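Undergrad:
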Amino acid sequence: MITKLPQRLGIALVLGFLALTLSWIQNDQLLRDGDEEGHVGAAELFLQDFHEGDFPKAAHRLFIADMGDYPSLYPALVGTWWYTNGSGLPSDPRIRSINLLFPLLAGLALLVIARDAGRGPALLAGACVLHLPLVAGLSRHFMPEGALVAAVALAVAAASQQRRRPNPRSAMILGLAIGLGLLTKQTFIFYLLPVLWLVQWKPSLLLALPCAALALPWILNNASDQWAYSAASVTQGGSVTLLDHLLFYPRVLASSGLGWAWCGLVLGAAAIAWRSRYRRLVLLGCVWVLGTLVLLTMVPKKYDRLLAPLLPGAAVVIAAGVAARPRLSPFVLVPVAWTTWFSWAPGSVVHTPSTEFQPGCPQVWLRPPDARDPGLNALVSAVKTHQPERLLILGAPEIPCEIQTTFGWGNHVGPYLRRSGVDLPIATEGEPSRSDLLVDFQSGNEQNPVVVELLDTQYFLRRGGE
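Here our numbering is used: the first residue of the sequence shown is -9, the next is one more, and so on.
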């Protein structure tokens, strides 16, 4: 009975993750983070290519084009999913659910990586990946780091398989995983330490190179811009101390990355498994988490979300501990409850330690859903009813850091209208004409105000000249 407990508990945790996360994105109406909105905008370009049937252009965007600071595999995947689900708003749960795919893939990778621990412990470890705080938080947002969690885990799984069966096929799969990882985000190279630790040299390993070259066209075409981006990264954090650099990621790991509950479970599992035959899995987990953390610490530019792709290494240690002592299995419910609490309880937000590495508003990924209406649906309905030639927005409010790290309210209007099937010019100043529809946050004596619950304010709609 005890031996089957990890497997049953793992299945329950997977189903719980799907149910809770789908419910979360169904209830959340918070305007997207500014970085998120940029990635959604990139995905929208792929969506437009698909609508126009211009698949060669989409392929050029993916493998070659300069689409900003990052490669384009993630927005290409989002754009493809968006297109197959009938377009519409990216906040639609059907479209937003694409981000659940990545932790699920990472969890599946654990079945290969932790195979030596047995089916039940490996399944439980894969389920734990879904509930790791930063991984769970990113699964609800349009961020490439969420996809990078899957890319790194799949590369480690491919390296694990190549070590077991060093043949041409496993080498080619490993090369393909590395190529796709580099197309997800260029910082993928910092997470290759567990891959290098696992891989076994055989002549057939050379076949990984042409498959990894899948990312070479993008790298060559964007080399100069990436060099400038890397040089700019080196100048980040110049005013902080060496101790701040050294402690940044350990502090993130202990707060928004894993938190005290997960850290305690991982340390306990490591202690239990260290003197068992599963020590090698503990070593792999340490290389993945601690080794990669050291590499990231050497990079001056620091973000808490960069820690996410190394977190599945903690689940490898859990697999080893559960394999050595199956009675440890129920203890995973404690950190799972910790993640769930901070995902749903009002006001329960885990803040990353404040440093000068991240000026401006702090980005928060693990938080409760925010169901407050941002007041955009009413505007779409009014535009479709009045069919103005232009929208004039007067006195649009900014969005404070306490609510979201994003652009002002007025900056969200254009994309929201366009994705709702309405595209018209928008202005924020000038004299209104009779063909304009005014969105006025300044007047206070109009009838039928539109309440913006999110910002505790209201605006008034009127035709120009009235």
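The beta-carbon is built from N, C-alpha and C at its ideal position, and this holds for glycine as well.
As the structure is a computational prediction, the values presented were derived from the model and not from experiment.
Let me know the secondary structure DSSP gives D430 once reduced to three states.
TA: By 1-based counting over the sequence shown, the position of residue 430 is 440. Three-state result, D430: strand.
Undergrad: Say whether the stretch 75 to 94 touches the stretch 256 to 274, bearing in mind that this needs 3 or more beta-carbon pairs closer than 8 Å, one atom from each stretch.
TA: no
Undergrad: Taking 7 Å as the limit between beta carbons, can you name the residues of its chain near T11, skipping five residues before and five after?
TA: As a working mapping, residue 11 is identified with position 21 in the sequence shown. Only L90, S129 and R130 meet the Cβ criterion.
Undergrad: Out of F450, Y239, S423 and A107, point me to the one whose CA is closest to A368's CA.
TA: The sequence position of residue 368 within the sequence shown is 378, counting from 1. Considering only alpha carbons, the answer is F450.
Undergrad: With DSSP run on the structure shown, which of helix, strand or coil describes A417?
TA: The residue you call residue 417 lines up with position 427 of the sequence shown. Strand, per DSSP.
Undergrad: Suppose the cutoff is 8 Å on Cβ atoms and the five residues either side in sequence are ignored; what does the same chain contact list for A107 look like?
TA: Taking the sequence shown and counting its residues from 1, the one referred to as residue 107 is at position 117. Result list for A107: A115, Y268, L271, A309, A310, V312 and A313, in chain order.
Undergrad: What three-state label does DSSP hand L451 in the structure shown?
TA: Position 461 of the sequence shown, counted from the first residue, corresponds to residue 451. Here L451 sits in strand by DSSP.
Undergrad: Report yes or no: do the stretch 327 to 336 and the stretch 117 to 126 share at least 3 C-beta pairs separated by less than 8 Å?
TA: yes
Undergrad: When the Cα of G6 is compared with those of L444, F397, D413 and A327, which residue comes out closest?
TA: Against the sequence shown, residue 6 aligns to sequence position 16. Taking only the C-alpha atoms, the option nearest G6 is A327.
Undergrad: Would you report the Cα separation of H235 and C253, rounded to the nearest angstrom?
TA: Translated into the one-based positions of the sequence shown, residue 235 becomes position 245. Translated into the one-based positions of the sequence shown, residue 253 becomes position 263. So the alpha carbons of these two residues sit roughly 21 Å apart.
Undergrad: State the DSSP-derived secondary structure class of R86, mapped to helix, strand or coil.
TA: Residue 86 sits at position 96 when you count from the first residue of the sequence shown. Three-state DSSP puts R86 in a helix.
Undergrad: With a threshold of 8 Å on Cβ separation, who are the neighbours of G350 within its own chain once the five nearest residues in sequence on each side are excluded?
TA: For this step, residue 350 is matched to residue 360 along the sequence shown. Result list for G350: C391 and T395, in chain order.
Undergrad: Leaving aside the five residues before and after N211 along the sequence, list all residues of the same chain whose C-beta is less than 8 Å from its C-beta, in chain order.
TA: Translated into the one-based positions of the sequence shown, residue 211 becomes position 221. Excluding positions up to five away in sequence, the list reads I54, A55 and D56.
Undergrad: Does the Cβ of Q432 have 16 or more other Cβ atoms within 10 Å, making it buried, or fewer, making it exposed?
TA: Looking up residue 432 in the sequence shown gives position 442. Exposed, since its Cβ has fewer than 16 Cβ neighbours within 10 Å.
Undergrad: Starting from R380, trace the beta strand (DSSP E) in both directions and tell me its first and last residue.
TA: Within the sequence shown, the letter at position 390 stands for residue 380. Under the DSSP assignment, R380 falls in the beta strand (DSSP E) whose first and last residues are R380 to L384.
Undergrad: Could you tell me whether the stretch 134 to 149 touches the stretch 171 to 182, using the rule of 3 or more Cβ pairs below 8 Å?
TA: yes
Undergrad: Please check the pair P80 and V30, which I expect to be a contact at CB under 8 Å, by giving their CB distance rounded to whole angstroms.
TA: In the sequence shown, residue 80 corresponds to position 90, counting from 1. In the sequence shown, residue 30 corresponds to position 40, counting from 1. At roughly 5 Å, the Cβ-Cβ gap stays under 8 Å, so P80 and V30 are in contact.
Undergrad: From V277, R452 and F397, pick the residue whose C-alpha is nearest to that of D25; which is it?
TA: Sequence index remark: in the sequence shown, residue 25 carries index 35 (1-based). Checked all of V277, R452 and F397; the closest Cα to D25 is F397.
Undergrad: When DSSP builds the beta bridges, which residues end up paired with V441?
TA: In the sequence shown, the residue the question calls residue 441 occupies position 451. Looking at the DSSP assignment, V441 forms a beta bridge with Q448.
Undergrad: Tell me which same chain residues have a C-beta within less than 8 Å of the C-beta of P158, skipping the five on either side of it?
TA: Counted from its first residue, the sequence shown places residue 158 at position 168. Here the set comprises S194 and L197.
Undergrad: Quick one: what does DSSP say D59 is sitting in, helix, strand or coil?
TA: Here residue 59 refers to the residue found at position 69 of the sequence shown. In the structure shown, D59 sits in coil (DSSP, three-state: anything other than H, G, I, E or B).
Undergrad: By how many angstroms is the C-alpha of L204 removed from the C-alpha of L166?
TA: Counted from its first residue, the sequence shown places residue 166 at position 176. Counted from its first residue, the sequence shown places residue 204 at position 214. The alpha-carbon of L166 is positioned some 7 Å away from that of L204.
Undergrad: Determine the direct distance from the alpha carbon of V230 to that of M288, and round the result to whole angstroms.
TA: For the purposes of this step, residue 288 is taken as residue 298 along the sequence shown, with counting starting at 1. For the purposes of this step, residue 230 is taken as residue 240 along the sequence shown, with counting starting at 1. If you take the alpha carbons of M288 and V230, they lie about 14 Å apart.
Undergrad: By alpha-carbon positions, which one of T282, S150, D39 and A386 ends up nearest to F180?
TA: The residue labelled residue 180 in the question sits at position 190 within the sequence shown. Nearest C-alpha to F180: T282.
Undergrad: Just mark G1 as buried or exposed, buried being the case when its beta carbon has 16 or more other beta carbons within 10 Å.
TA: The residue given as residue 1 occupies position 11 in the sequence shown. It is worth fixing the name first, because residue 1 is Ile in this sequence and not Gly. The residue is exposed, with fewer than 16 neighbouring Cβ atoms inside 10 Å.
Undergrad: Nearest to R452 by CA position, among R409, L414, W71 and A372, is which residue?
TA: Residue numbering aside, residue 452 sits at position 462 when the sequence shown is read from its first letter. Comparing alpha carbon positions, the residue from R409, L414, W71 and A372 closest to R452 is A372.
Undergrad: Exposed or buried, which one is T329 when buried takes at least 16 other CB atoms within 10 Å?
TA: Counted from its first residue, the sequence shown places residue 329 at position 339. With 16 or more other Cβ atoms within 10 Å, it is buried.
Undergrad: Please classify W250 as buried or exposed, where buried requires at least 16 other C-beta atoms within 10 Å of its C-beta.
TA: What you label residue 250 is simply residue 260 of the sequence shown in a count that begins at 1. By the beta-carbon neighbour count (other beta carbons within 10 angstroms, threshold 16), W250 is exposed.
Undergrad: When DSSP labels each residue in this structure, what does L26 get in the three-state scheme?
TA: On the sequence shown, residue 26 is found 36 positions in, with the first residue counted as 1. The sequence given here places Glu at residue 26; Leu does not occur at that position. E26: helix per DSSP, three-state reduction.
Undergrad: Tell me whether P80 sits in a helix, a strand or coil according to DSSP, three-state version.
TA: The sequence position of residue 80 within the sequence shown is 90, counting from 1. Coil at P80, not helix or strand.
Undergrad: With DSSP as the reference, label C201 as helix, strand or coil.
TA: Within the sequence shown, the letter at position 211 stands for residue 201. DSSP places C201 in helix when its eight states are reduced to three.
Undergrad: Do R316 and L(-5) have their CB atoms nearer than 8 Å?
TA: Within the sequence shown, the letter at position 326 stands for residue 316. Within the sequence shown, the letter at position 5 stands for residue -5. It is worth fixing the name first, because residue 316 is Pro in this sequence and not Arg. The answer is yes: Cβ separation under 8 Å.
Undergrad: Can you check whether the CB of R51 is closer than 8 Å to the CB of D39?
TA: On the sequence shown, residue 39 is found 49 positions in, with the first residue counted as 1. On the sequence shown, residue 51 is found 61 positions in, with the first residue counted as 1. Going by C-beta atoms, D39 is nearer than 8 Å to R51.
Undergrad: From V284, I389, L356 and L301, pick the residue whose C-alpha is nearest to that of V142; which is it?
TA: Mapped onto the sequence shown, residue 142 falls at position 152. Nearest option by C-alpha distance: L301.
Undergrad: If we ignore side chains and look at the alpha-carbon of each, how far apart do L248 and L382 end up?
TA: Translated into positions along the sequence shown, residue 248 becomes position 258. Translated into positions along the sequence shown, residue 382 becomes position 392. Near 46 Å, if we compare the C-alpha coordinates of L382 and L248.
Undergrad: Quick check: what's the CA-CA separation for R22 versus P325?
TA: Looking up residue 22 in the sequence shown gives position 32. Looking up residue 325 in the sequence shown gives position 335. Distance between the alpha carbons of R22 and P325: 27 Å.
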